[in-house]
Amino acid sequence: MDQALAVLIGLSASLAAEWTLPPVSLPEVGGATGGALTQKSFWSTVQEQLRPGDIILADQGTAAFGVAALRLPSDATLLVQPLWGSIGFTLPAAYGAQTAAPDRRVVLIIGDGAAQLTIQGDGLDAARQAAAAHSAA
């Protein structure tokens, strides 16, 4: 394995000199124009509402991809889990972020399905805990 890594590192170093990387530029998010709700108008509105110091949580899927094009204000923190298909992760994570940093604003961007799934699971847990507490009394 060490030999394979050494060969790959050497090959990468020799080829890197030939690579011309294009400049990185984020797409402009245009202003909301009213009318139909579109991805462009939604993300433009989100962009306008972000403030320095915000903790922004973006859920799986559309939220994760949309937030990637935003320009974050200074001292903003972005938490996103775009892998493993774990929809609903950000709802309890938002609660944890607010608990850990009560002086900062938490912005949660989550889809309706992920929110419903998480809320239903939280409700079931609460019901089970209440039943367990009642039977122990």
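For the sequence shown, UniProt numbering gives the first residue as 1, with consecutive numbering after it. Beta carbons are placed, not taken as given, at the ideal position from N, Cα and C, and that holds for glycine.
CA nearest to the CA of residue i, picked from the options
i	options	result
D59	V107, G121 and G10	V107
residue 216	Q81, L5 and Q49	Only positions 1 to 137 of the chain appear in the structure, and residue 216 is not among them; the question remains open.
I55	Y95, L83 and I119	Y95
L117	T99, G85 and V46	G85
D103	T62, Q49 and G53	G53
A97	T77, A114 and A115	T77
G61	M1, R128 and L83	L83
G73	G66, E48, T90 and D122	At residue 73 the sequence reads Pro, which differs from the Gly that was named. Among G66, E48, T90 and D122, the Cα nearest to that of P73 is on E48.
G88	E18, T99, G113 and P23	G113
G66	T38, R105, P92 and Q120	T38
For residue i, the first and last residue of its enclosing beta strand (DSSP E)
i	result
I109	V106 to I109
Alpha helix (DSSP H) segment containing residue i, residue limits
i	result
G35	Taken as a continuous stretch (DSSP letters only), G35 belongs to no alpha helix (DSSP H), as it is neither H nor E.
G17	For the record, residue 17 in the displayed sequence is Ala; it is not Gly. That residue, A17, is in no alpha helix (DSSP H); it is neither H nor E in DSSP.
Worksheet entry | Inside the segment 42–96 only - beta strand (DSSP E) runs reaching at least 3 residues | 55–58 and 77–80
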